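What follows is a set of notes on a single structure, which appears directly below.
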Amino acid sequence: MSKLKYEVGHKEEEGPKAPQPEDKGIVAQVDEIIEKALESSATDLHVEPGPGETRVRMRVDGALHQVATFPSQIHGKLANRFKILGAMDITKNRIAQSGFFKVQLEGQRAECSTYVLPSILGEKITVNIQYKRGFELNLEHLGYFPEILKGFKDALAKPHGLVLVVGPPGSGRTTTAYAALRLLNSPQKACGTFEAVNKYELPGVVQGKPSFQGDFTFVDGVKALMDSSPDVAYVGELQDPEVARLVIQGAFSKRIVIARMAAHDAANALVTLMDMGVQPFLLTAAVNAVLAQRLVRRLCDHCKEGYAPPEQVINEIGYRMPANAQFFRGRGCAACGGTGYLQHLGLFELLTLNEKINETLVARKSQGEVREVAAQAGMVPLKRDGVNKAVMGYTSIEEVLNAL
Ligand SMILES: [Zn+2]
C-alpha cells in the first residue's frame with residue numbers, strides 16, 4: 186500500500202479507459218519511483234525509453250543516479266501512468282505534453298511539473314519536483330562574517346530601497362532572501378513574494394507565482410505584487426527590462442524590495458541592470474546594497490585536518506598569502522560519508538552604495554572600475570571572503586576556487 190497522497194492532477198477516473206487489472210502493478214511501481222524520489226529529495230526524475238529497457242534516473246544533489254530499469258514492453262504503460270498523474274491526454278503519444286500534480290509523503294508536500302517528450306523509442310517523461318518546505322533559518326546561520334551581516338541588515342532596515350541578492354543558479358540566493366524576509370516579517374508589516382517556484386513557505390507572507398497555463402505571467406505577478414502595497418516585497422528573478430522597471434519603481438515607495446538576480450558579482454549586477462535600460466540615476470537612488478554569493482561545502486568537523494595544498498592551487502588564489510598560512514581538508518569519515526564535507530556555507534560580498542560608487546555608475550564606467558571603487562570603500566570581494574573562510578578551516582581552498 187503506497188504512502189503517497191495525490192492532491193491535484195491525477196484525473197484517472199476521467200481517463201478514456203478504466204485501468205486494466207495488470208495496470209495495478211504499474212500504479213504501484215510508479216508510486217514506488219515517486220516515493221523514492223521524495224525520500225531522497227530528488228529534484229528531477231527521468232523515465233527514458235531505450236532499445237532494450239526503460240531506465241529511471243533521478244537527480245539528487247545535482248547528480249543523476251539510476252534507480253530502476255523496466256522491460257521496454259511496459260514503457261508505454263509507465264508513460265501513461267505519469268500522464269494520468271499529470272492530467273494529460275493518454276490517447277496521444279506523438280506530441281509534447283505537460284502536466285502538473287501535487288503529492289504528499291508523510292507530511293512532505295511536493296509539486297510536480299511533468300513533461301512528455303516524444304522520441305524515436307517512445308515518450309520520455311521528465312518530472313521536476315518542487316518541495317514545499319517551511320523556512321526556519323536565520324541570517325546568522327548562513328555563514329557571514331559580522332561586518333557583512335551588519336551591512337546587509339542595515340540595508341534591510343532602511344525605510345525603503347532595493348536590496349539585490351545575486352549569484353549564479355544554485356548559489357543559495359533563495360535561502361538568503363527568505364532569511365531576510367523572515368527577519369522583516371512581522372504582524373505590523375505586509376509582506377509579499379512573487380517567484381517562478383515557491384521553494385519555501387513562510388507564514389504571514391503572501392506568496393505568489395505565475396500560472397502553469399501562462400495566462401498570469403511573471404511580469405503580471407510582479408506588477409500585482411507592487412500594486413498590493415506591501416511593506417516588504419520579494420521578487421524571485423530580476424531577469425528582464427520590464428521586471429527591472431517594476432522593481433526599481435517599487436523600491437521608491439515606502440517599502441523594502443528584495444530581488445534575486447543572476448550575476449557573477451555585485452558590480453556585474455549593477456552594470457547588468459543598466460544594460461537592461463535602468464537609468465543610472467534611478468539605479469543609484471533605488472539600490473541600498475547588493476549581496477553577491479556562492480555556496481560551498483563546509484568541511485566535516487570530525488575529520489578535518491591541516492594540509493599544504495599543491496603549488497598550483499596556491500597560485501590560483503591570486504592573493505599573496507602569508508608563508509605560514511594553513512589550509513584544511515577533510516580526510517573522510519563515517520560522519521560525512523567519506524566525502525570530507527558536511528553541510529554548506531555561503532561566501533559573500535556586500536556592495537553598499539556610496540557617493541563614489543554612484544559617480545562611477547552615473548559615468549557608466551566599466552564593471553572593473555565599479556569593483557575597484559567598491560573595494561576602496563571597503564568591500565571584501567567574494568574570493569577574499571572565500572580565502573578567509575578557507576584559512577579559518579570552514580571549507581577547503583579547492584572548494585572556494587571551484588565555486589568562483
Ligand atoms: Zn568527516
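Quick note, the working numbering runs 185 ahead of the 1-based positions in the sequence shown. Built from N, CA and C at the ideal position, the CB exists for glycine as well. This one's a predicted model, so the numbers in the text were calculated from it and none came from an experiment.
Range covered by the beta strand (DSSP E) that runs through residue i
i: P495; result: Neither: P495 is in no beta strand (DSSP E) and is coded neither H nor E.
i: P303; result: 293-304
i: Y363; result: Premise fails: Y363 lies in the alpha helix (DSSP H), 358-369, not in any beta strand (DSSP E).
i: H260; result: Where H260 is concerned, there is no enclosing beta strand (DSSP E), although the alpha helix (DSSP H) it sits in stretches over 260-270.
i: E534; result: 526-537
i: Y191; result: 189-191
i: P234; result: 229-234
Cβ-Cβ distance between residue i and residue j below 7 Å
i: A364; j: L322; result: yes
i: G515; j: G525; result: yes
i: V288; j: L476; result: no
i: A253; j: V241; result: yes
i: E501; j: L586; result: yes
i: N473; j: G563; result: no
i: P395; j: G406; result: yes
i: L546; j: P465; result: yes
i: A452; j: V565; result: no
i: G271; j: F286; result: yes
i: L467; j: I433; result: yes
i: A519; j: C485; result: no
i: V301; j: L369; result: no
i: L263; j: L189; result: no
i: P234; j: L306; result: yes
i: A362; j: I443; result: yes
i: R482; j: E583; result: no
i: A559; j: L536; result: yes
i: T359; j: H231; result: no
i: L387; j: F337; result: no
i: Y579; j: L538; result: no
First and last residue of the uninterrupted alpha helix (DSSP H) at residue i
i: V463; result: Careful: V463 lies outside any alpha helix (DSSP H) and carries neither H nor E.
i: E332; result: 331-342
i: A381; result: Careful: A381 lies outside any alpha helix (DSSP H) and carries neither H nor E.
i: Q511; result: Where Q511 is concerned, there is no enclosing alpha helix (DSSP H), given that its DSSP letter is neither H nor E.
i: G145; result: A question about residue 145 goes unanswered here, because the residues of the chain that appear run from 186 up to 589.
i: V565; result: First-last for V565: undefined, no H or E at that position.
i: E634; result: The requested residue 634 does not occur in the structure, where the chain is confined to residues 186 to 589.
i: I280; result: Careful: I280 lies outside any alpha helix (DSSP H) and carries neither H nor E.
i: I314; result: Not the alpha helix (DSSP H): I314 falls in the beta strand (DSSP E), residues 307-319.
i: N587; result: 582-588
Separation of residue j from residue i, as counted between CA atoms
i: R569; j: M461; result: 29 Å
i: A448; j: Y419; result: 17 Å
i: R479; j: F533; result: 7 Å
i: G200; j: K489; result: Reliability of the predicted coordinates at G200 is poor, the pLDDT of 44 falling under 50, and no value is obtained from them.
i: Q528; j: L431; result: 36 Å
i: G161; j: G435; result: The shown model of the chain, from 186 to 589, leaves out residue 161, and the question about it has no answer.
i: M577; j: A248; result: 29 Å
i: Y191; j: I314; result: 14 Å
i: I259; j: G377; result: 46 Å
i: K408; j: A429; result: 11 Å
i: P206; j: V404; result: Because the pLDDT of P206 is 49, which lies under 50, any placement of that residue in the model is unreliable, and the question is left without a value.
i: E198; j: K268; result: Because E198 sits at a pLDDT of 45, beneath the cut-off of 50, its placement in the model cannot be relied upon, and the following sentence gives the value as read from the coordinates. Taking the straight line from one Cα to the other gives about 13 Å.
i: A575; j: P495; result: 15 Å
i: M507; j: I499; result: Here residue 507 turns out to be Pro, not Met, going by the sequence shown. In a straight line, the C-alpha of P507 is about 11 Å away from that of I499.
i: F512; j: S581; result: 7 Å
i: A295; j: A222; result: 11 Å
i: G389; j: L410; result: 15 Å
i: A493; j: D246; result: 29 Å
Spatially closest choice to residue i from the options, by CA coordinates
i: R266; options: G357, E308, P415; result: E308
i: N278; options: Q251, L484, P303; result: P303
i: T299; options: P234, F337, D229; result: D229
i: L589; options: T457, L535, S356; result: S356
i: E422; options: R445, G292, A575; result: R445
i: S283; options: I441, Q398, N370, L387; result: Q398
i: K317; options: V245, C518, Y385, L324; result: Y385
i: Y329; options: I275, G571, D450; result: G571
i: R549; options: V481, Y492, V463, A560; result: V463
i: E427; options: T402, D450, S413, F437; result: T402
i: V456; options: Q561, Q552, V245, Y504; result: Q552
i: N573; options: Y504, I218, T469; result: Y504
In chain order, which beta strand (DSSP E) runs of at least 3 residues are fully inside the stretch 409-433?
417-420
List, from N- to C-terminal side, the beta strand (DSSP E) runs of 3 residues or more that fit wholly inside the stretch 439-485.
441-447, 472-484
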